[in-house]
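Beneath this line is the structure, given in C-alpha cells, with notes to follow.
Numbering (the numbering used here), first residue to last: 53 to 667.
This is the structure:
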C-alpha cells in the first residue's frame, strides 16, 4: 500500500504520462506494476487492469524471454506483444523523491519501417544505378560495332550473360517476308526464317526442353526491327523490365546501323558509278579550284586525281586563256548565278591533242555552312565531231559525184531528144548514158554496202575460187578502155584456190584497181601481183601515183576518210572504197594493209586464206 504522499505523487505522475500518451509503466516500491498507460497497454496487447498489481520482474521475463534486466540506459530489444514480437527501446529509472520506478517503452515499429523503406529506396537506387551502368556499358559495346553482324553478336552475347541462357537466337525483321535469322548460339541446326515472332518463339521452345523461352522484341519508334529469343531457367520481373529496356536500345542501335550501312552502300554505289562512268566528272569550288576528279577526268586531261586537286580548273583543262570556253567559264557562271548550264561546248587541250567536250554544269550544295561548289559532267565529243564532219564531207562528195553523171545523163538525153544525130553519134550518146548510169550504180552500191557492213548484214557465199579468174573479171569490169590498157597483171593460174565469195572478192580487186588508176597520172601503170604463202595467197596492187601522206595512212581504211592531197587535188571519190575493201577482206578472215610514199606511189596488200579440202 502506498502512503498518502506517495499516492499523491503517483497520481500526478500518471496524469502526466496519460497526457503525454507515452507507453510507460509505473512500479511501486515493491516492484509491482502500479500504473500502465493506455499506450503501453496497447503496445503490449494486454489489458491494463490485468497488468496492474503484477510483479514486474516475472512480467518482464514473460514479455522478453531471455532478455536482459532493464537498467537506466535505453536498450533495443524485442518484446512479445500478444501474438507478435515488437521491437522497442526500453529502460527504467527511479522517480526522484519517491519510491516509484518509471519503465519507459518506445515502439520502434514505425522507425524500423522507415529504415526498411529507406533501405529499400537505397537498394532500388543502387540497382537502378547498376542497371544504368550496365546499359551504358552495353551502349558502349554497341557503339563500338562497325558491322551489322558484329553488332548483333555483341548484343546476343550480353543477353546470354545477363540471363544465363545457353541457347539464343536473334532475328532481323525483313518485311514483308517476316523474320530472318542473323546470329545464334547453342543450336544444333541453323534456324529457319519465320513469318512472325510467335512462330519463331514456338520453334525455339520446341528445342529447349523445360527451359523457358524469353522473347524480346527489338523496337525503334514502335516499329519491329528484330527479335531476340533466349532459352533460360528463369528471370525475375525486375530483370525482365531491364531486359526490355536493353532491347529497345538495341532496336534503336540496329536501326541506326542499318541506316548507316544503307547509306554506306549508296555512297559506295555512287562512288563506283562516278569512278566507272566514261564521262569525266569534275567538282570545282569557288575560285575555280578542283575539289573532286574521277577516272574518266584523268584520262581526258592527263592529270592524276592527286595532281588535279586544288589546281585551277583552267589549268587542269588547259583553257587558261579562255579559248576553251569562249571566254566565259561555265563554272564561274554557275557559281555566280546558281543556275545550271545544261549544255556548253569546251575545247580542252588534252595530252593527245585538242578535244571537243560537251559540258553539263550545275551548282552543288553539300553543306549549308559551306560555299556551294559546281560539278560538271564532261563528255568527249571529238569522235562525234569528226564523224559529223566526215558525214558532211561525204554528203558534199556524194553530191559532187552525183552531179557529174547526172549532168552527163541530162546532156546526152537532151542531145538525143533535140538533135538529128547520125547513128554513130547516137551510139556515142547511148554509150555515155550507159557509163554514167554505171557510175551512179556503183556509187549507190557503195552506200548500200556500207549500210550492210554497219548493220552486220554483209553476206558471203564462199566457194573454191581461182584468183586469176577474179583478177581477169575485175580488169574487164573497169569502166574505161584506157584504164584497162594501163593494168599489168602477174597472177599465175596455178595458185592455190581461195575460200572466198567470188563476187565480193572481185569487188575488192575492182576498188583497188580503180583507186590505183584514179590517183595515178593518165599514163601511169598499175601492177597486180600474187604469190602463195603458208596457208594464204597474197595479192598486191601497186601504182606510181600521188601516194598518201604518212599522217593520213592509218585512217584510210575507215569510212569517209580521204587523204589530204586527194582532197586538195579534187580527185573524185567518196572515202568508202578502202573501208569496204577492208570489211570484205576481214570477213574472209584475211588482212589488208597499205604502204605509200607521197609522190612515188602506193601498194595495197591483201592476204586471203586458201581453200582447204573438206571445208
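By construction, the Cβ of each residue, glycine as well, lies at the ideal position given by its N, Cα and C atoms.
Since this is a predicted model, take the numbers as computed values, not measurements.
Contacting residues, own chain, Cβ-Cβ under 8 Å from residue i (five flanking each side not counted)
i, result
"residue 609", "630, 631, 633, 634, 644, 646"
"residue 120", "127, 129"
"residue 384", "340"
Residue from the options with nearest C-alpha to residue i
i, options, result
"residue 253", "221, 546, 241", "221"
"residue 343", "135, 617, 427", "427"
"residue 527", "490, 569, 143, 492", "569"
"residue 125", "149, 451, 155", "155"
"residue 654", "626, 115, 599", "599"
"residue 341", "331, 323, 381, 352", "381"
"residue 658", "612, 552, 212", "552"
"residue 539", "594, 495, 508, 458", "594"
"residue 368", "384, 385, 349, 386", "349"
"residue 514", "640, 464, 460, 590", "640"
"residue 247", "231, 495, 361, 364", "231"
"residue 240", "258, 491, 274", "258"
"residue 336", "321, 354, 362", "362"
"residue 294", "210, 394, 201", "210"
"residue 414", "77, 394, 141, 475", "394"
"residue 141", "579, 321, 134, 122", "122"
"residue 338", "313, 356, 365", "365"
"residue 616", "234, 213, 571", "571"
"residue 208", "135, 495, 306, 443", "306"
Distance, residue j Cα to residue i Cα
i, j, result
"residue 525", "residue 558", "7 Å"
"residue 670", "residue 164", "Here the chain comprises residues numbered 53 to 667, so residue 670 is not present and cannot be evaluated."
"residue 270", "residue 389", "49 Å"
"residue 391", "residue 330", "25 Å"
"residue 104", "residue 145", "18 Å"
"residue 250", "residue 323", "42 Å"
"residue 41", "residue 441", "As displayed, the chain neither begins before 53 nor continues past 667, which places residue 41 out of reach and without an answer."
"residue 73", "residue 117", "26 Å"
"residue 432", "residue 541", "47 Å"
"residue 107", "residue 69", "20 Å"
"residue 648", "residue 611", "19 Å"
"residue 507", "residue 656", "26 Å"
"residue 147", "residue 174", "43 Å"
"residue 623", "residue 474", "34 Å"
"residue 434", "residue 464", "45 Å"
"residue 199", "residue 309", "8 Å"
"residue 219", "residue 312", "30 Å"
"residue 351", "residue 360", "12 Å"
"residue 451", "residue 575", "28 Å"
"residue 353", "residue 370", "8 Å"
"residue 177", "residue 229", "43 Å"
"residue 397", "residue 357", "23 Å"
"residue 53", "residue 86", "The predicted model places residue 53 with a pLDDT of 43, which falls under 50 and marks its position as unreliable, so this point remains unresolved."
"residue 274", "residue 292", "19 Å"
"residue 500", "residue 454", "15 Å"
"residue 502", "residue 402", "32 Å"
Whole-number beta carbon distance between residue j and residue i, since they are thought to touch under 8 Å
i, j, result
"residue 287", "residue 215", "6 Å"
"residue 75", "residue 62", "With 8 Å as the limit, residue 75 and residue 62 do not qualify as a contact, their Cβ atoms being about 18 Å apart."
"residue 83", "residue 113", "Actually they are not in contact, since the Cβ atoms of residue 83 and residue 113 sit about 13 Å apart, beyond 8 Å."
"residue 625", "residue 613", "The pair is not a contact, with the Cβ atoms about 10 Å apart (cut-off 8 Å)."
"residue 561", "residue 662", "The Cβ separation is near 17 Å, so there is no contact."
"residue 51", "residue 115", "Nothing about residue 51 can be read from this structure; the chain reaches only from 53 to 667."
"residue 460", "residue 488", "4 Å"
"residue 517", "residue 550", "5 Å"
Close beta carbons around residue i, own chain, < 6 Å, minus the five adjacent residues each side
i, result
"residue 346", "326, 327, 333"
"residue 468", "481"
"residue 520", "543, 545"
"residue 93", "100"
"residue 378", "Here the model assigns residue 378 a pLDDT of 48, short of 50, so the residue's position is not dependable, and the following value carries that caveat. So no residue of the chain qualifies."
"residue 579", "540, 594"
"residue 204", "222, 234, 235"
"residue 491", "457"
"residue 405", "none"
"residue 650", "599, 601"
Sequence-distant residues of the same chain with beta carbon closer than 7 Å to residue i, five excluded per side
i, result
"residue 417", "424"
"residue 284", "215, 216, 217, 263, 264, 266"
"residue 556", "512, 636"
"residue 81", "151"
"residue 139", "128, 130, 160, 161, 164"
"residue 504", "510"
Contact test: residue i Cβ vs the ligand COA heavy atom, cutoff 7 Å
i, result
"residue 362", "No copy of the ligand COA appears in this structure; indeed no ligand is present at all."
Open item on the list: Check whether the segment 308-328 and the segment 391-409 touch, using three or more Cβ-Cβ pairs below 8 Å as the test.
Closed with: no
Task: Validate contact between the segment 545-560 and the segment 604-622 using beta carbons, cut 8 Å, 3 pairs - done: no
Task: Touch test, the segment 296-309 against the segment 274-283, Cβ-Cβ under 8 Å, three pairs minimum - done: yes
Open item on the list: Can you confirm whether the segment 475-486 touches the segment 578-596 when touching is taken to mean that 3 or more C-beta pairs between the two stretches lie within less than 8 Å?
Closed with: no
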